[in-house]
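K.L.:
Quick note: the sequence shown uses my numbering, first residue 12, plus one each step.
Just so it is clear, CB atoms sit at the ideal spot from N, CA and C, and this is done for glycine as well.
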Amino acid sequence: MKVLLVNGSPHKKGCTFTALTEVAKTLNEENIDTEIFWIGTKPLAGCNACKKCVETGRCSFDDCVNDFLDIAHDADGFIFGSPVHYAAASGAITSFMDRLFYADLLGSGDSFYLKPAAAVVSARRAGTTATLDQLNKYFTISQMPVISSRYWNMVHGAEPEDVKKDLEGLQNMRILSRNMAWFLKCKEAGKKAGIEFPMKEEHIFTNFIR
Numbered sequence: 012m013k014v015l016l017v018n019g020s021p022h023k024k025g026c027t028f029t030a031l032t033e034v035a036k037t038l039n040e041e042n043i044d045t046e047i048f049w050i051g052t053k054p055l056a057g058c059n060a061c062k063k064c065v066e067t068g069r070c071s072f073d074d075c076v077n078d079f080l081d082i083a084h085d086a087d088g089f090i091f092g093s094p095v096h097y098a099a100a101s102g103a104i105t106s107f108m109d110r111l112f113y114a115d116l117l118g119s120g121d122s123f124y125l126k127p128a129a130a131v132v133s134a135r136r137a138g139t140t141a142t143l144d145q146l147n148k149y150f151t152i153s154q155m156p157v158i159s160s161r162y163w164n165m166v167h168g169a170e171p172e173d174v175k176k177d178l179e180g181l182q183n184m185r186i187l188s189r190n191m192a193w194f195l196k197c198k199e200a201g202k203k204a205g206i207e208f209p210m211k212e213e214h215i216f217t218n219f220i221r
């Protein structure tokens with residue numbers, strides 16, 4: 012089993028990376044493979060609603076979003092990490108996730124379906140819970156079980172060394188990891204026992220203006 016961890020910070024090895032590293036380390040101890048995917052610092056356009064992904068299953072902007080789509084299908088779980096910018100997720104990871112989840116929804120639709128996910132955020136001080144609320148909405152609209160920790164999935168610090176001193180925050184990362192590993196193992200045991208996925212229904216779209 013494998014979990015993909017997304018570093019949505021412009022700093023490749025900053026505070027968000029430090030939190031994700033603690034998550035990955037604990038997942039590895041639980042015999043879960045991990046890979047940290049950095050979205051980088053190149054400009055990321057937002058979704059332009061061209062719907063080319065309906066035809067190709069890929070985004071019309073050929074960048075790290077498509078690179079991630081190429082590997083997402085084979086992953087068993089996901090952790091998306093972001094720093095807090097103005098009490099919200101970073102602009103880069105917002106564009107990344109808008110296009111990623113839309114392309115999957117209109118394309119194959121099976122990269123994220125019923126796969127567990129969690130958000131991890133880092134901040135110097137405030138804005139963490141608003142950012143978590145924002146990121147969790149991608150999971151709940153995609154039928155992804157949301158994995159929690161004992162407290163909200165956040166760390167604090169202006170620099171990686173500060174995060175390493177946030178002992179409660181790092182403990183929350185480890186608890187999150189063990190909860191993710193437990194869920195993945197239960198899901199795998201259920202599949203082996205013959206428990207099938209829920210019946211799928213066709214989408215019903217109801218517009219409020221008629």
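Pairing CB atoms from the segment 121-139 with CB atoms from the segment 89-107, are three or more of them under 8 Å?
P.N.:
yes
K.L.:
Since Ala192 contacts Leu38 with CB under 8 Å, what's their CB separation in whole angstroms?
P.N.:
6 Å
K.L.:
My output table needs one value for Glu46: the three-state DSSP class, helix, strand or coil.
P.N.:
Three-state DSSP puts Glu46 in a strand.
K.L.:
What are the partner residues of Gly57, as DSSP defines its beta bridges?
P.N.:
Partner(s): none; Gly57 has no beta bridge.
K.L.:
Could you say which of Met165, Phe194, Glu66, Val34 lies nearest to Leu116 if we only look at CA atoms?
P.N.:
Comparing Cα positions, the closest option is Glu66.
K.L.:
Using the Cβ count rule (16 or more neighbours within 10 Å means buried), how would you classify Ala134?
P.N.:
Buried: at least 16 other Cβ atoms inside 10 Å.
K.L.:
Evaluate contact between the segment 52-68 and the segment 211-218, counting only Cβ atoms and requiring at least three cross-stretch pairs below 8 Å.
P.N.:
no
K.L.:
Give me the DSSP bridge partner(s) of Gly92.
P.N.:
According to DSSP, which records beta bridges pairwise, Gly92 is partnered with Asn18, Val131.
K.L.:
Give me, in chain order, the residues of the same chain whose beta-carbon lies closer than 6 Å to that of Thr27; leave out the 5 immediate sequence neighbours on both sides.
P.N.:
Asn18, Ser20, Gly92, Pro94, Ser133
K.L.:
Out of Lys203, Arg110, Asn183, which has the shortest C-alpha to C-alpha gap to Asn59?
P.N.:
Ranked by Cα distance from Asn59, the options Lys203, Arg110, Asn183 are led by Arg110.
K.L.:
Going by beta carbon distance, what residues of the same chain come within less than 8 Å of Asp85, once the five residues before and after it are set aside?
P.N.:
Lys13.
K.L.:
Indicate whether Thr151 and Ala100 have their beta-carbon atoms separated by less than 8 Å.
P.N.:
no
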